[in-house]
Amino acid sequence: MFLQSINVLDVDLCVQQPDKFVAHTRASADLREIMPYLNSMFRTSTYNHDAGSIKFTNDKIEYTIIGDKINIAKFINRTELHELLDWLKDLVNDTYDSRSEIIPMYVCRKPVPVLFIYNLLPKTNCQQCGEKSCMVFAAQLNKLEIDIEACPILSEPEYTANRRRLEGAFGAFS
Ligand code: SF4
């Protein structure tokens, strides 16, 4: 097995969201080798090949990996943290085992501009996505803190072309 374990070093309050936590952990293996493959899989990733670091978001949890150090941010308690550690360990090992099938990506994606996103949204400000307005949704999507799927209006037939353009811009699979 490529990654045997991830050990928690300490847990702090999250600076951005004080009702949540950030964990500083250390993996049993240096993860640089697997980063280009993770970068290829996550549209939310920010990858720096020279620094040996990658950052990505999944289900509103932020993962920052530098070599064998992993920070996990915005979880609510230790039970969730242990579930996240299991998920990450499985992800790394599954990716390592499948790496011959994945095209590695060595460059960092550029952010998609907020106005580009906003212009493709329905602009109804209906708040069904949980955000105050379409502009806030666009800003959240630019920061990769929300998924395109969170806007149900984009799934309606008249927005199919807009949704495809957004998915294309973010490299989402459809
Ligand atoms: S659900 Fe879609 S249309 Fe409604 S406010 Fe959110 S982004 Fe705008």
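For what it's worth, the working numbering labels the leading residue of the sequence shown as 98, then goes sequentially.
Ideal placement from N, C-alpha and C gives every residue a C-beta, glycine not left out.
Tell me whether residue i sits in a helix, a strand or coil according to DSSP, three-state version.
| i | result |
| --- | --- |
| E177 | helix |
| L135 | helix |
| Y203 | coil |
| K186 | helix |
| F172 | strand |
| N322 | Nothing can be reported for residue 322: it is not among the residues displayed for the chain, which extend from 98 to 271. |
| E159 | strand |
| S102 | coil |
| S150 | strand |
Based on Cα-Cα distance, which residue from the options lies nearest to residue i?
| i | options | result |
| --- | --- | --- |
| R175 | Y256, L106, R260 | L106 |
| L182 | K229, I158, V204 | I158 |
| D165 | S142, Y144, D127 | D127 |
| Q224 | K186, I250, S142, D116 | I250 |
| V112 | K171, E180, W184, I243 | K171 |
| K186 | T122, D244, K117 | T122 |
| D116 | G265, Y160, I173 | I173 |
Can you list, in chain order, the residues of its chain with a C-beta nearer than 6 Å to that of residue i? Leave out the 5 residues immediately preceding and following it.
| i | result |
| --- | --- |
| L217 | N259, R262, L263 |
| A120 | V105, V108, I169, L178 |
| K229 | none |
State yes or no: is the C-beta of residue i within less than 9 Å of the C-beta of residue j?
| i | j | result |
| --- | --- | --- |
| I151 | I169 | no |
| F139 | V209 | no |
| I103 | T192 | no |
| L100 | N190 | yes |
| A235 | Y215 | yes |
Going along the chain, which residues of its own chain have a beta-carbon closer than 7 Å to the beta-carbon of residue i, five neighbours each way excluded?
| i | result |
| --- | --- |
| P201 | P133, Y134, S137 |
| K220 | C231 |
For the ligand GDP, is there a heavy atom less than 8 Å away from the beta-carbon of residue i?
| i | result |
| --- | --- |
| P249 | For the ligand GDP, the structure offers nothing, since it holds only the ligand SF4. |
Using 9 Å as the limit for Cβ to Cβ distance, is residue i near chain C?
| i | result |
| --- | --- |
| A258 | Absent from the structure: chain C. Only one protein chain is present. |
Using a Cβ-Cβ cutoff of less than 8 Å, which residues in the same chain neighbour residue i once the five nearest sequence positions on both sides are dropped?
| i | result |
| --- | --- |
| T143 | I151, K152, F153, C205, R206 |
DSSP has residue i in a bridge; who is on the other side?
| i | result |
| --- | --- |
| D107 | H121 |
| K301 | This structure cannot speak to residue 301, because the chain is shown only from 98 to 271. |
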